[in-house]
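This report concerns only the one structure given below.
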Amino acid sequence: MQNSGYLDCDTHFTDHPRELWESIAGEVDLPVLPEILDHEGRSRLRIGDELYPKPAGRGQGNPKGLGHLIGPGADDDRRAFMAEHGISAAVLQPGFVGLSVQSVADGRVRRGLLEGYNLLAKRSCERSGLDLRWAALLSAEDPEWSAGLLEQYRDDPNLVGAVVRPTARTAQDRLSGKSFTSVLTALAEQRLVLFVHGGTGCHQWSPLADAYEDYTLTHAFGHMGEHMIALTDLLTRGDGLPPGLRIVMLESGVSWIPGFLGLLDSHVRRLSSSDTAPSEVFAQHFAVVPDPDERHVRWACEAIGRDNILFGSDYPHWDTVPSGKWASTLADFVDKDVLYTNTRRVVPRLAGKGA
Numbered sequence: 005m006q007n008s009g010y011l012d013c014d015t016h017f018t019d020h021p022r023e024l025w026e027s028i029a030g031e032v033d034l035p036v037l038p039e040i041l042d043h044e045g046r047s048r049l050r051i052g053d054e055l056y057p058k059p060a061g062r063g064q065g066n067p068k069g070l071g072h073l074i075g076p077g078a079d080d081d082r083r084a085f086m087a088e089h090g091i092s093a094a095v096l097q098p099g100f101v102g103l104s105v106q107s108v109a110d111g112r113v114r115r116g117l118l119e120g121y122n123l124l125a126k127r128s129c130e131r132s133g134l135d136l137r138w139a140a141l142l143s144a145e146d147p148e149w150s151a152g153l154l155e156q157y158r159d160d161p162n163l164v165g166a167v168v169r170p171t172a173r174t175a176q177d178r179l180s181g182k183s184f185t186s187v188l189t190a191l192a193e194q195r196l197v198l199f200v201h202g203g204t205g206c207h208q209w210s211p212l213a214d215a216y217e218d219y220t221l222t223h224a225f226g227h228m229g230e231h232m233i234a235l236t237d238l239l240t241r242g243d244g245l246p247p248g249l250r251i252v253m254l255e256s257g258v259s260w261i262p263g264f265l266g267l268l269d270s271h272v273r274r275l276s277s278s279d280t281a282p283s284e285v286f287a288q289h290f291a292v293v294p295d296p297d298e299r300h301v302r303w304a305c306e307a308i309g310r311d312n313i314l315f316g317s318d319y320p321h322w323d324t325v326p327s328g329k330w331a332s333t334l335a336d337f338v339d340k341d342v343l344y345t346n347t348r349r350v351v352p353r354l355a356g357k358g359a
């Protein structure tokens with residue numbers, strides 16, 4: 005099979021510039037605008053009374069502030085990056101504003117920011133000279149609103165899926181909740197993939213990260229811990245997952261997944277009445293985006309299966325994954341043709357123009 009390059013499932017929309025939000029203030033109900041400010045010599049995002057990444061305390065974020073987390077995301081910079089790394093099309097995932105808004109307690113403010121983010125992401129793809137697609141930012145705390153948003157944008161040609169945080173603002177709202185079933189059903193019916201993407205220091209429920217104040221540990225356990233909860237919630241939903249639904253775990257790490265699935269399988273088999281192994285549900289519905297620098301990544305990908313592997317660069321973050329590094333680690337197991345086939349199956353709306 006011939007293809008035109010990598011299909012990047014994890015590149016980030018630069019969503020923090022104040023002027024972006026000011027440009028839509030007359031179109032969206034935005035009681036609060038995100039802003040970047042200096043806090044003790046570090047740049048941080050402020051939404052209402054909260055600073056992001058969280059400066060100190062349990063579950064704290066990067067002590068270097070935003071300067072270490074964001075990078076150039078304008079079309080010219082992105083074009084150069086995509087050309088250098090052989091990327092033909094990419095999905096815009098939320099930047100630091102999008103990853104933080106879930107923690108806003110006021111429902112009107114939270115939904116206004118979510119609506120604003122989605123409008124900005126949509127327009128960024130429309131106006132770009134690159135082949136960029138976007139994922140609608142949803143909220144587990146607002147399932148009815150989320151279902152309505154999917155209906156609102158269902159005919160957008162650049163929409164390839166939706167993205168949620170693995171955990172919501174509190175433990176009360178979960179991806180396992182029955183109220184979220186309508187959202188999952190709508191995604192499956194519209195052939196939209198569900199991306200799951202975590203973050204550190206965002207003032208929301210992250211129980212493993214919240215056990216520590218040292219950023220070394222909050223970051224180590226933040227993404228992985230949140231994804232463990234989301235994966236368990238989705239694999240063990242009482243009403244199951246809709247047929248055809250595809251779910252992609254972003255920046256979750258992968259080396260923990262095979263053993264974790266084995267643990268769930270053994271407990272479900274021995275301690276529940278279910279006759280469905282979580283690992284079987286995973287194989288049918290889930291895909292992962294591995295980081296080639298992760299220890300044991302090759303072993304984990306082989307255990308997960310080559311058909312469940314996708315590519316993501318994490319551009320423009322400080323730990324962006326070069327395609328050459330990805331290829332040198334994994335290409336003899338999952339080459340570009342296999343990646344292309346996998347991505348077309350899992351994210352069917354993402355492909356180079358004319359594909």
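Using this note's numbering, you'd call the opening residue of the sequence shown number 5 and step up by one each time.
Backbone N, C-alpha and C define an ideal beta-carbon position, used for all residues, glycine too.
When burial is assigned at 16 or more other CB atoms within 10 Å of the CB, is D12 buried or exposed?
-> buried
Using the rule of at least 16 other Cβ atoms within 10 Å of the residue's Cβ for burial, across every protein chain shown, is Q156 buried or exposed?
-> exposed
For the alpha helix (DSSP H) that contains E39, what are its first and last residues?
-> Where E39 is concerned, there is no enclosing alpha helix (DSSP H), although the beta strand (DSSP E) it sits in stretches over E39 to H43.
Report yes if the CB atom of L124 is closer than 9 Å to the CB atom of D19, and no otherwise.
-> yes
Using DSSP with H/G/I as helix, E/B as strand and the rest coil, what is D12?
-> strand
Going along the chain, which residues of its own chain have a beta-carbon closer than 7 Å to the beta-carbon of E217, five neighbours each way excluded?
-> G61, R62 and Q64
Start and end of the beta strand (DSSP E) containing F290?
-> In this chain, the beta strand (DSSP E) harbouring F290 covers F290 to V292.
Beta-bridge pairing of V167 - partner residues as DSSP gives them = L141 and F199
As assigned by DSSP and simplified to three states, the class of L275 = helix
Assuming E119 and H201 make a contact with CB atoms under 8 Å, what is their CB distance in whole Å?
-> The Cβ separation is near 19 Å, so there is no contact.
Ignoring anything shorter than 3 residues or poking outside the region 18-78, list the beta strand (DSSP E) runs there in chain order.
-> 39-43, 46-51 and 54-56
For the beta strand (DSSP E) that V95 lies in, which residues bound it at each end?
-> I91 to Q97
8 Å Cβ shell around G328 - same chain, five flanking residues per side excluded | H89
Per DSSP, which one or two residues make a beta bridge with V252?
-> F199 and A291
What's the gap between the Cα of V2 and the Cα of D339?
-> Residue 2 lies beyond the residue range present for the chain, which begins at 5 and ends at 359; the question has no answer from this structure.
Where does F315 fall in DSSP's three states?
-> strand
Determine the closest residue to R349 out of R250, L267, Y319 and P262, with distance taken between C-alpha atoms.
-> R250
Nearest to G309 by alpha carbon, out of G316, R299, V258 and Y319?
-> V258
Any idea if L142 is buried or exposed, counting beta-carbon neighbours within 10 angstroms, 16 or more meaning buried?
-> buried
Just checking my contact of A139 with L154 at CB under 8 Å: how many whole Å lie between their CB atoms?
-> Contact between A139 and L154 is absent: CB atoms are separated by about 11 Å, not below the 8 Å threshold.
Report yes if the C-beta distance between I28 and L34 is below 9 Å; otherwise report no.
-> yes
Boundaries of the alpha helix (DSSP H) in which N346 is found, first to last residue | Judged by DSSP secondary structure, N346 falls within the alpha helix (DSSP H) whose first and last residues are K340 to V350.
Mind checking G358: buried by the 16 CB within 10 Å criterion, or exposed?
-> Only weak support is given to the placement of G358: the predicted model assigns it a pLDDT of 43, under 50, and the question is left unresolved by the model.
Taking 9 Å as the cut-off, decide whether the C-beta atoms of R137 and L96 are in contact.
-> yes
Counting Cβ pairs closer than 8 Å, one from the region 261-269 and one from the region 179-195, do we hit at least three?
-> The count of Cβ pairs closer than 8 Å, one atom from the region 261-269 and one from the region 179-195, stays below three, leaving the stretches out of contact.
Nearest residue (CA-CA) to I313, options R273, Y319 and D341 = D341
Identify whether L118 lies in helix, strand or coil by the three-state DSSP scheme.
-> helix
Three-state class that DSSP yields for H179 in the structure shown | At residue 179 the sequence reads Leu, which differs from the His that was named. Note: L179 maps to coil in three-state DSSP.
Which whole-angstrom value describes the C-beta separation of V351 and V164, a residue pair presumed to lie in contact below a C-beta threshold of 8 Å?
-> Cβ-Cβ separation between V351 and V164: approximately 6 Å, consistent with a contact (criterion under 8 Å).
If I'm right that L238 touches L245 with Cβ under 8 Å, what's the distance once you round it to whole angstroms?
-> 7 Å
Give the DSSP bridge partners of L136, in chain order.
-> A94
For W330, the three-state DSSP class (helix, strand or coil) | helix
DSSP state of Q106 mapped onto helix, strand, coil = helix
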